[in-house]
């Protein structure tokens, strides 16, 4: 079975599993007593909605439930890899009741029959949707704290509550991002797409930058020596006033606006790699279980602040470090951050949720970093950071959790634990090595030219790679035979 066939098989198995989960909920809904469920407007149970009572009815209900659970067990055994609902449960530390509530709300939005049963269960068939009151009477191990703003379902915006009604009778909706995830399509939140760009690991990197990336990765994995790393202490200011994800991310589920993770809008649970899409790239909704228990892990991961005169080099070091950790890197330009603290908190929550679903690490680009694209030379501008932009970048960096890198020309004080790393442009010796590697066979016989360029200019690895590519194209064009003129053709 090739990769595409495996992905299709996983997607079909996940759809079957969701259907079986909904089947269990339908079996429960057929035996709910509507008189015990809180109602929005006091409407009595609809005529004809009475449920079968007595021994015969109870026996029949028992068979229906037993059959539904048997179908669910068979669907679970048929899954070739982890299901998105299980990854979601672990990533955000959901209780059994919270997990069941997510499935109930998803079912009401994805399965018309289940939605209709929800309305009839509360005696209001004109309201075919899930409510918290229904869930409390329907699902196992119910607890009132599930819909508290500080608990996972609302803290991470998994479920939205309509504000027009009381909490127990209000319509519950599943966030569109989460709904797609459960269905097997790991599409990045549309609200983040305009702010983020995917940063692939560099094809060409200076030796000192590679050494720094490896040292940072070793520190983050708990194997490094912090003796040569300057630390800034202080707890971060949390947007939303709640504990973050503790820096746990999954290696390879979701991608950003420029990184595709698989064909056809969905992939298997390992999140196949790749890049090149412009928006809405897809990945695996059944991402690796490395995110398990993320929401419950204590303490934020220290921020890594990369400073120095190599703007693109700072981004490359972060991308290389993320790659060594099995993660993807997305860059957020500080100029694009919203101005209000409330909006900054919203972006922080959305990113932390995205990271838990597999997006990986975040690079906050300050100063000239934000204006320097992958194809531009290093050290474009040395202009100072605009004060309002710097303030927004600091507020966001101090509030967002997860694996965060920050790039700025000069260090800045932060109210959170941070590690500071100097990233300057490559030395002359490193530039010679970069030119030789970038030019490949074309470098033969050009040692004097390379020596002169390396001694005269201080270029980044990206600038050298771009120049070498342009040189190779020019040489190829010069080596190709001239086109013969054809009569009548200009």
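In our numbering, the protein residues as written are 5 to 494. Cβ atoms here follow ideal geometry from the backbone N, Cα and C, with glycine treated the same way.
Name the two residues that bound the continuous beta strand (DSSP E) containing residue i.
i           : result
residue 165 : 163 to 165
residue 425 : 422 to 426
residue 201 : 200 to 203
What residue range is occupied by the uninterrupted alpha helix (DSSP H) comprising residue i?
i           : result
residue 190 : Per DSSP, residue 190 belongs to no alpha helix (DSSP H) and is neither H nor E.
residue 23  : 7 to 33
residue 400 : 391 to 403
residue 4   : Outside the shown range of the chain (5 to 494) lies residue 4, about which nothing can therefore be said.
residue 529 : This structure cannot speak to residue 529, because the chain is shown only from 5 to 494.
residue 156 : 156 to 159
residue 88  : 88 to 95
residue 215 : 211 to 224
residue 457 : 451 to 460
Closest to residue i by CA distance: which of the options is it?
i           : options               : result
residue 122 : 27, 360 and 473       : 27
residue 416 : 407, 398, 426 and 178 : 398
residue 465 : 318, 158 and 334      : 318
residue 176 : 189, 112, 468 and 203 : 112
residue 430 : 142, 320, 33 and 150  : 320
residue 96  : 204, 394, 158 and 198 : 158
residue 469 : 443, 448, 449 and 451 : 443
residue 364 : 194, 326, 446 and 212 : 326
residue 168 : 135, 160 and 409      : 135
residue 394 : 115, 343, 353 and 178 : 343
residue 348 : 409, 412, 404 and 154 : 404
residue 10  : 22, 133, 83 and 35    : 83
residue 156 : 196, 354 and 447      : 354
residue 196 : 341, 6 and 5          : 341
residue 312 : 352, 412 and 220      : 412
residue 467 : 315, 142, 162 and 23  : 315
residue 86  : 188, 182 and 8        : 188
residue 71  : 25, 449, 115 and 212  : 25
residue 165 : 186, 137 and 192      : 137
residue 144 : 103, 115 and 154      : 103
What does DSSP give as the partner residue(s) for residue i in the beta ladder?
i           : result
residue 419 : Residue 419 is not bridged to any residue.
residue 365 : 333
residue 309 : 410 and 424
residue 177 : 164
Using the Cα positions of residue i and residue j, report the straight-line distance between them to the nearest angstrom.
i           : j           : result
residue 16  : residue 75  : 15 Å
residue 476 : residue 214 : 25 Å
residue 307 : residue 12  : 39 Å
residue 146 : residue 328 : 42 Å
residue 368 : residue 310 : 10 Å
residue 337 : residue 199 : 7 Å
residue 400 : residue 366 : 12 Å
residue 149 : residue 140 : 11 Å
residue 463 : residue 423 : 26 Å
residue 420 : residue 224 : 16 Å
residue 263 : residue 203 : Legend: pLDDT at residue 263 = 41, less than 50; position of this residue unreliable, value from coordinates given subsequently. Going by the C-alpha atoms only, they are around 8 Å apart.
residue 299 : residue 358 : Interpretation of residue 299 is limited by its pLDDT of 41, a score under 50 that renders its predicted location unreliable; the figure taken from the coordinates is listed afterwards. About 13 Å.
residue 78  : residue 20  : 10 Å
residue 69  : residue 31  : 5 Å
residue 457 : residue 439 : 9 Å
residue 461 : residue 434 : 12 Å
residue 408 : residue 392 : 21 Å
residue 105 : residue 33  : 13 Å
residue 81  : residue 18  : 11 Å
residue 209 : residue 160 : 37 Å
residue 3   : residue 174 : Nothing can be reported for residue 3, as the shown portion of the chain is limited to 5 through 494.
residue 35  : residue 194 : 39 Å
residue 370 : residue 334 : 14 Å
residue 190 : residue 437 : 40 Å
residue 396 : residue 362 : 25 Å
residue 171 : residue 426 : 51 Å
residue 471 : residue 109 : 54 Å
residue 128 : residue 99  : 28 Å
residue 151 : residue 124 : 23 Å
residue 455 : residue 206 : 23 Å
residue 360 : residue 23  : 25 Å
residue 29  : residue 131 : 17 Å
residue 453 : residue 330 : 38 Å
Next on the checklist: Could you tell me which whole alpha helix (DSSP H) segments of length 4 or greater appear in the region 104 to 134?
Outcome noted: 116 to 125
Checklist entry - If you scan the region 312 to 361 from start to end, which runs of the alpha helix (DSSP H) of 4 or more residues do you find wholly inside it? => result 315 to 328 and 345 to 358
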